Amino acid sequence: MGVVAKVISGSFGKIIARQKSSYSIELGELLVSESNGQKIILQVYDLVYGSQLSQSALELASGLSLEENPELEFMDFGMRNYTLALLKGVLTVINRRPRVPKTLPSFFSDLRQIKEEDLPFFSQPKSPIFLGKLRSGTKVLNIDVFVDADKALSHHILVSAQTGKGKSNLVKVLLYKAMGRCEAGFLVLDPHDEYYGRHSLGLKDHPRAGDKLVYYTPGKVPVGCRELVFHIGLLKPEHLEGAVQLSDAQWQAVAAYYRTYKENWVEAIMLEKDIKVGFLEATINVVKRRLMQLLDLRVVEGKVECKGIFSTSAGRSTIADICKEVEAGKVVIVDTSLFSKSVEVLVGSLISTELFKHYRYYKYIGGLKGKPTIGIIIEEAPRVLSKAVLERGGNIFSTIAREGRKFKIGLVAITQLPSLIPKEILANMNTKIILGTEMAVERQALISSAAQDLSDDERTIASLDTGEAIITSSFLKMAVPVKLPLFEDLASQKQPSNRAKLNYLGVGLE
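Going by this note's numbering, the sequence shown wraps up at 1145, each residue one higher than the last.
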């Protein structure tokens, strides 16, 4: 590939290069400078016009062209007027090893397009999470970008984008690829019932779906899938955190009933059974009313009846089954599309709390090392992680965000509004997948908490098209621009057969 630009001036974070007139440099494009046995990879973060003519001369010439003679042309146009690219160093490669850049490219050095051979260190880890193909501007290179699942998931992943920029497609691609070689387990809380693919292409179409995918739904259950139902005795007061708002006195009443009646505490509140600690009747009535609404319960002739996903007879093993499947390294999708937001949070809290308890216990007994890392995928993350929610009290998701890395369990938080999430939690999310983000406030929240310096990339982030992303991670040497494949194209590709080739040697077929 030939020379496309030449370094002419600038400073360490603002290198200026003149573009070759026959080539069009793109925002976000990666260019390479080679000198002194090393390669410096540079990224374009802005483009400006340059000219040897003064501004007044340009204004005069444009006026003459507009008003007098439309055919008026500059002499030596490509020499006198040009485009300047503003670049920053993102990586230095010495002896095929990547390093953080600490030097400038040589003055007046040539810049060329990047190619696959410049990045030999991009490799596939043992338990990979696929994040897309490396992208240079709009050009896609044949280099797959991965992060190690054990590191990235336990330190949390944030997926941020405006509506229509490809969040759902990204998660589908991530999970589809993970079902191939990734050893991690995933709990997917699906509020739109879009990942399994009940009526279209989805994760069910993966060649290994039979042994890697489990689907729970409260509606009409497809063949081979599970009904989502929980026994009411599995509920504990801690599961309600974030799902229902109660005053201090009401929480105390809930705790008192749980201490007295154990797994029958919900029924005891519904039937207004006595407890030793005295509470105002109004307090108990409010708790009863909110539980009836949240859990879809009613009292008929002195008995509690359940109408929703909670039952007094079925579903005793649901949580244990889900935990077992996630801990076996499977992708478990829980369809919450028919629920209110409060019930969605409750269902996620029920399962996540028990998973966290399991892994905390495994660490206590020294058995955590042999367990797969777990990622919990939650959409509209500010519902459980926003400043306003956490000011009312913590929940299991905020606990995992702060402590999960110690126990090999992390969040994959999806949001349009990262600015609503507290800075200390954003900082704990060490891998960020940034898709097109048009709102300046949201871009600033992402830039200020990124693992790499993105302070000059605000325009680049705003200009990301659907399916384009920037990956910033503590486990990558640079902020990596990627292009994600369309899930439908990926899932419809002919997959290699896993069937063993039969050998008929010695068998008489006549």
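No residue lacks a Cβ here, since even glycine has one placed at the ideal position from N, Cα and C. Computed from a predicted model, the values in this text were never measured in an experiment.
I'd like to check one pair, residue j with residue i: are the Cβ atoms closer than 9 angstroms?
| i | j | result |
| --- | --- | --- |
| residue 864 | residue 949 | yes |
| residue 876 | residue 984 | yes |
| residue 767 | residue 1048 | no |
| residue 1118 | residue 731 | no |
| residue 944 | residue 923 | no |
| residue 728 | residue 676 | yes |
| residue 871 | residue 893 | yes |
| residue 838 | residue 968 | yes |
| residue 867 | residue 902 | yes |
| residue 1052 | residue 1069 | no |
| residue 947 | residue 940 | yes |
| residue 976 | residue 1041 | no |
| residue 1099 | residue 1072 | yes |
| residue 1032 | residue 1012 | no |
| residue 1094 | residue 662 | yes |
Alpha helix (DSSP H) containing residue i: first to last residue?
| i | result |
| --- | --- |
| residue 1127 | 1122-1127 |
| residue 1020 | 1017-1020 |
| residue 858 | It is not in any alpha helix (DSSP H) - residue 858 carries neither H nor E in the DSSP assignment. |
| residue 884 | 883-896 |
Whose CA, out of the options, lies closest to the CA of residue i?
| i | options | result |
| --- | --- | --- |
| residue 1088 | 816, 643 and 648 | 648 |
| residue 668 | 683, 695, 717 and 726 | 726 |
| residue 1045 | 1028, 1063 and 1056 | 1063 |
| residue 821 | 833, 1002, 965 and 939 | 965 |
| residue 655 | 731, 693, 644 and 747 | 747 |
| residue 1015 | 795, 894, 690 and 1077 | 795 |
| residue 829 | 840, 913, 970 and 932 | 970 |
| residue 786 | 1074, 685, 1009 and 1100 | 1009 |
| residue 873 | 862, 859 and 891 | 891 |
| residue 1124 | 1102, 1112, 972 and 757 | 1102 |
| residue 1111 | 749, 672 and 784 | 784 |
| residue 724 | 716, 715 and 735 | 735 |
| residue 659 | 677, 639, 675 and 678 | 639 |
| residue 775 | 1128, 1120 and 1126 | 1120 |
| residue 987 | 973, 720 and 1019 | 1019 |
| residue 834 | 857, 1012, 935 and 847 | 857 |
| residue 685 | 780, 867 and 717 | 717 |
| residue 681 | 650, 1001, 832 and 1021 | 650 |
| residue 885 | 925, 846 and 666 | 925 |
| residue 814 | 841, 806, 652 and 823 | 841 |
| residue 994 | 963, 978 and 1013 | 963 |
| residue 955 | 989, 979, 752 and 978 | 989 |
| residue 804 | 816, 791 and 836 | 836 |
| residue 1028 | 847, 657, 882 and 792 | 882 |
| residue 1001 | 1038, 1043, 1030 and 1034 | 1043 |
| residue 1108 | 1128, 750, 790 and 701 | 790 |
| residue 982 | 1095, 1076 and 930 | 930 |
| residue 846 | 1037, 1094, 909 and 960 | 960 |
| residue 645 | 701, 743 and 666 | 743 |
Classify residue i: buried if its beta carbon has 16 or more other beta carbons within 10 angstroms, exposed otherwise.
| i | result |
| --- | --- |
| residue 1065 | buried |
| residue 788 | buried |
| residue 782 | buried |
| residue 801 | buried |
| residue 852 | buried |
| residue 687 | exposed |
| residue 912 | exposed |
| residue 928 | exposed |
| residue 920 | exposed |
| residue 637 | exposed |
| residue 756 | exposed |
| residue 1084 | buried |
| residue 799 | exposed |
| residue 694 | exposed |
| residue 671 | exposed |
| residue 715 | exposed |
| residue 854 | exposed |
| residue 704 | exposed |
| residue 1139 | Since pLDDT at residue 1139 reaches only 36, below the 50 mark, its modelled position is unreliable, and the value read off the structure follows with that caveat. It is exposed - the Cβ of residue 1139 has fewer than 16 other Cβ atoms within 10 Å. |
Tell me where the beta strand (DSSP E) around residue i begins and ends.
| i | result |
| --- | --- |
| residue 728 | 716-729 |
| residue 678 | 673-686 |
| residue 641 | 638-646 |
| residue 1008 | Unbroken run through residue 1008: none, as it is neither H nor E. |
| residue 669 | 665-670 |
| residue 1106 | 1103-1108 |
| residue 747 | 745-748 |
| residue 849 | 848-852 |
| residue 1094 | Run containing residue 1094: none in the beta strand (DSSP E); it sits in the alpha helix (DSSP H), 1093-1097. |
Any Cβ of chain D within less than 9 angstroms of the Cβ of residue i?
| i | result |
| --- | --- |
| residue 1005 | Absent from the structure: chain D. Only one protein chain is present. |
Curious, which full-length alpha helix (DSSP H) runs of at least 4 residues does the region 762-825 contain? 784-789 and 802-816
Which runs of the alpha helix (DSSP H) at least 4 residues long sit entirely within the region 1024-1089? Give them in chain order. 1031-1038, 1058-1063 and 1075-1083
Which runs of the beta strand (DSSP E), 3 residues or longer, sit entirely within the region 918-998? 932-935, 938-941 and 966-970
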